[in-house]
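Here's the structure we're looking at; comments come further down.
Numbering (the working numbering), first residue to last: 547 to 686.
In structure tokens form, the structure reads like this:
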């Protein structure tokens, strides 16, 4: 393993943002104190830049859609920790494309609206997977 550098800090920040995303994505973690402590909502702030940037890089073909391929490609150019940061960032962006928005919408909906949003995760999954499939086909 290589010694820590600036990419190590980026990987840690990306990992904390992934934990915060998982807290929003998994309904069972909603009331957990440990999840609230480890994955504070303020940790979602890096995602404001990271997710659109990652999706844009995927659309241009600069970063592969598959997280492990992204890790290998970035690691070859920038080093071990940059590859880990790329893996986590691509996985987080795909989580936001496929699942998290529907879970956030269902969580914060009024009780009388929750029944109407029951199929939203399937719709989110279909559109996110369709988008990723188009990007995958365009660059593979």
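Note that CB positions come from ideal geometry on N, CA and C, so glycine has one too.
If you measure between the beta carbons of residue 634 and residue 684, is that distance less than 8 Å? no
C-beta atoms of residue 585 and residue 566 nearer than 8 Å: yes
Straight-line CA distance for residue 579 to residue 675? 32 Å
Short Cβ contact (8 Å threshold) for residue 681 with residue 605: yes
Just how far apart, CA to CA, sit residue 642 and residue 625? Approximately 26 Å, taken between the alpha carbons.
Between the C-alpha atoms of residue 573 and residue 609, what's the straight-line distance to the nearest angstrom? 30 Å
For residue 659, three-class secondary structure by DSSP: DSSP places residue 659 in helix when its eight states are reduced to three.
According to DSSP, is residue 597 helix, strand or coil? helix
So the alpha helix (DSSP H) residue 635 belongs to, where does it begin and stop? For residue 635, the enclosing alpha helix (DSSP H) stretches over residues 626 to 644.
Quick check: the Cα distance between residue 591 and residue 686, rounded to an integer number of angstroms? 32 Å
Within its chain, find whatever has a CB closer than 6 Å to the CB of residue 611; leave out the 5 residues flanking it on each side and keep chain order. 604, 678, 681 and 682
The alpha helix (DSSP H) enclosing residue 667, as first and last residue numbers: 666 to 685
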